[in-house]
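In what follows, a structure is listed as structure tokens, so that the remarks can point back to it.
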Amino acid sequence: MIRVLLADDQTLVRAAFAMLVGSAPDMEIVGEAGTGLEAVALARSARADLVVMDIRMPELDGIEATRRIAADEDLAGVKVLVLTTYDTDDHIVDALRAGASGFLVKDTRPADLLAAIRTVAAGESLLSPGPTARLIARVLSAPRPPAGTGGPDLLSDRERQVLALVARGLNNTGIAETLGLSPLTAKTHVSRIMGKLGARDRAQLVIVAYESGLVVPAGGGADAS
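So that you can map any letter, position 184 of the sequence shown is 256 in the working numbering, and since no number is skipped, the others follow by simple counting.
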């Protein structure tokens, strides 16, 4: 079972999400938070696997709440999926840098929200398709490496290739097929890259790849050959 904590300041929104998530046979709601401070406290006490976090909340916004969860060693296994009202939200990049594993807009279809929870809980990163191009543009226009990460210069040529494919959105199976590897080898490469770069998850690997120029948007090539 995926233990889900819902954090949103709107009671009706939380109720709707709780009904949806509670209907999934592989998920259970372990808590609901109306403020960022409550979200951090409940993440600790409720033993959540994943927090569905609204960016805009009182007392402590979703970005700072995410940062505190990501920085807490006792919560190392807790994933954060950020929800935003608009796909042009200026705080999306900050949320990912703070440690969120992905984001979706609130008008996402119910089935897609459940799929996103499963994806993030499994350790994959998830970027809502609509805002991804704008996200990348912001990252490139204001480079600022995530705290605690190094750069692709720390990696071998093969690891740089794998990182570039992660940034393109490929999962381990896709990486394996592209490079002629086994899925287990691809997974091992991704794990080693995360360790070398000090990245919490694949979402931060995406940020590193674009900020460093290893991958460029809109048809540009990867510096990973």
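By construction, the Cβ of each residue, glycine as well, lies at the ideal position given by its N, Cα and C atoms.
- For residue 229, the secondary structure class from DSSP, reduced to helix, strand or coil, is helix.
- The three-state reading of DSSP puts residue 260 in helix, counting H, G and I together.
- The three-state reading of DSSP puts residue 144 in coil, since its state is none of H, G, I, E or B.
- 116 is the residue among 155, 116, 107 whose C-alpha sits nearest the C-alpha of residue 144.
- Contact check between the region 97-109 and the region 160-176: fewer than three CB pairs, one atom from each, fall below 8 angstroms, which does not count as touching.
- By the neighbour-count definition (other C-beta atoms within 10 Å, threshold 16), residue 130 is an exposed residue.
- The three-state secondary structure of residue 111, taken from DSSP, is helix.
- Around the beta-carbon of residue 133, 16 or more other beta-carbon atoms lie within 10 Å, marking it buried.
- Comparing C-alpha distances from residue 142 to each of 271, 163, 284 shows the shortest one belongs to 271.
- Counting the other Cβ atoms within 10 Å of the Cβ of residue 140 gives 16 or more, which makes it buried.
- Residue 150 sits in coil when the DSSP states are folded into three classes, being neither helix nor strand.
- For residue 105, there is no enclosing alpha helix (DSSP H); the residue is found in the beta strand (DSSP E) stretching over 99-105.
- Boundaries of the alpha helix (DSSP H) around residue 190: 182-193.
- A straight-line Cα-Cα distance of about 24 angstroms links residue 88 and residue 163.
- With fewer than 16 neighbouring CB atoms inside 10 Å of its own CB, residue 179 falls in the exposed class.
- For residue 243, the closest alpha carbon among the candidates 263, 225, 227 is that of 263.
- Separation of the CB atoms of residue 94 and residue 136 is rounded to 28 angstroms, and the pair is thereby denied contact status at 8 angstroms.
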